[in-house]
Every structure is written in C-alpha cells, then in structure tokens.
Amino acid sequence: MAQRIALFFSVGITAFVLIIVGAAIGLAGQAQAAAGPTLDPLLLAQLQTREAAYQALIAEANGQTRAMEPTPFPTVTPAPEATATEYPISPELAAYLALSVAPNAYLVRPPEVVIYRGRIAYEVTLNTGRVYVDAVSGAILWNGAAQGGDGGGSGFGDEDDEHDDD
Numbered sequence: 001m002a003q004r005i006a007l008f009f010s011v012g013i014t015a016f017v018l019i020i021v022g023a024a025i026g027l028a029g030q031a032q033a034a035a036g037p038t039l040d041p042l043l044l045a046q047l048q049t050r051e052a053a054y055q056a057l058i059a060e061a062n063g064q065t066r067a068m069e070p071t072p073f074p075t076v077t078p079a080p081e082a083t084a085t086e087y088p089i090s091p092e093l094a095a096y097l098a099l100s101v102a103p104n105a106y107l108v109r110p111p112e113v114v115i116y117r118g119r120i121a122y123e124v125t126l127n128t129g130r131v132y133v134d135a136v137s138g139a140i141l142w143n144g145a146a147q148g149g150d151g152g153g154s155g156f157g158d159e160d161d162e163h164d165d166d
C-alpha cells in the first residue's frame, strides 16, 4: 500500500512539474512573438519605394479615369412664367430645328422656355437627348442628342461668340 501512495505521489509531482515547464515555455514563446520580426533596413527601403510607386500608379489611373468621365448635363434654370412673352422663334419651330440636327429622333415632350447660360432658350427633349435652341435667333446652343458627337453645340446655327473655349 505504501508503494501505491508513493506511485500516486510521484505521478502528481511529475504532472505538476510538466505543467509548470509547459507554461514557462508558452510564456517565452509569446514574448518572442510579441516582439515581432525586425526587417532589414535595405528591405524596408525597397518596400517603401515600391509602395510609393504603387501610390503613383494609382494616382495616375485615377486621373485617367476622371479624364474619361462624360461631361455632365449643363445646368438649366426655368424661365419665369409670370408674363406671356412672345419670342421670334415659336416652340414648334424650335422643335423642328432640334429634330433637324438629330436624325432619327422624335419629340418626347413639348419644348419648354428656360434660361440657358444667360439666354432665353427652348429646351427640346428628344428620345436621344436634349437640345437647347435660342428663342431669339434659333441657334442651337447645345446639342445633347447628337449621334456619335460630343454633344456640345454642334449642328445648325451654332453661335458661340460670347464663350471662350480657352
């Protein structure tokens, strides 16, 4: 019986010692992992150079993307409708002029009188886009319905003498 007690006692002490040694090894491993690896200064310089090159490429790509974005529609403010003013160009003629510069297009809604870049104009909405026709001269101020064009002022009677393109 005494041998059994001695055996259990020695097994208990051995288990206790193994647990303590394992805990010490675990703590030492955590301390080394927390310190982290130190990078060679040459390698660190190469990584920073590569990161700067990547950032420059990203900035260049963003610039190219912005350059390729389509131009937004021009801002239009509705003309005051307090007085019924007659203009030399009628809404029907404005619609005809807009349809003449946009082949294969059709009228979506009747032309509306608006102020476009400081001028009284008709906003003619076609199925292919908007066309702004000067209500006084009949000039096409902006052609957003152009097929394959840039949408800017092309077509019949384009007069852009008060705006510089510089």
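In my numbering, the protein residues as written are 1 to 166. All residues carry an ideal CB built from backbone N, CA and C; glycine is no exception. Here the structure is a predicted model, which is why all the values come from computation and not from measurement.
What's the call for residue i, buried or exposed, on a 16-neighbour Cβ count within 10 Å?
i	result
I58	exposed
R66	exposed
E92	exposed
V17	exposed
L44	exposed
S10	exposed
L27	exposed
P111	buried
N143	buried
G12	exposed
I89	buried
E136	The amino acid at residue 136 is misidentified as Glu; the sequence shows Val. Burial call: exposed.
L126	buried
L255	Outside the displayed range of the chain (1 to 166) lies residue 255, so it cannot be described from this structure.
L141	buried
V21	exposed
F8	exposed
A146	buried
Identify the continuous alpha helix (DSSP H) that holds residue i and give its terminal residues.
i	result
N62	P41 to M68
Determine the contact status of residue i and residue j, defining contact as a CB-CB distance below 8 Å.
i	j	result
L107	A95	yes
L97	G138	yes
I120	Y87	yes
V124	V133	yes
Counting along the chain, where does the beta strand (DSSP E) carrying residue i start and finish?
i	result
V101	That residue, V101, is in no beta strand (DSSP E); its alpha helix (DSSP H) goes P91 to V101.
G138	Where G138 is concerned, there is no enclosing beta strand (DSSP E), given that its DSSP letter is neither H nor E.
V124	R119 to L126
E112	E112 to Y116
Which one or two residues does DSSP pair with residue i in a beta bridge?
i	result
G129	L126
T107	In the sequence under discussion, the amino acid at residue 107 is Leu, which differs from the Thr named in the question. Paired residue(s): L126.
Taking Cβ positions only, does residue i come closer than 8 Å to chain C?
i	result
A52	Included in the structure is just one protein chain, with no chain C present.
Exercise for the section: Evaluate the contact criterion for the segment 97 to 110 versus the segment 45 to 53: three or more CB pairs, one atom per stretch, below 8 Å. Expected result: Taking 8 Å as the limit for Cβ pairs, the verdict is that the segment 45 to 53 does not touch the segment 97 to 110.
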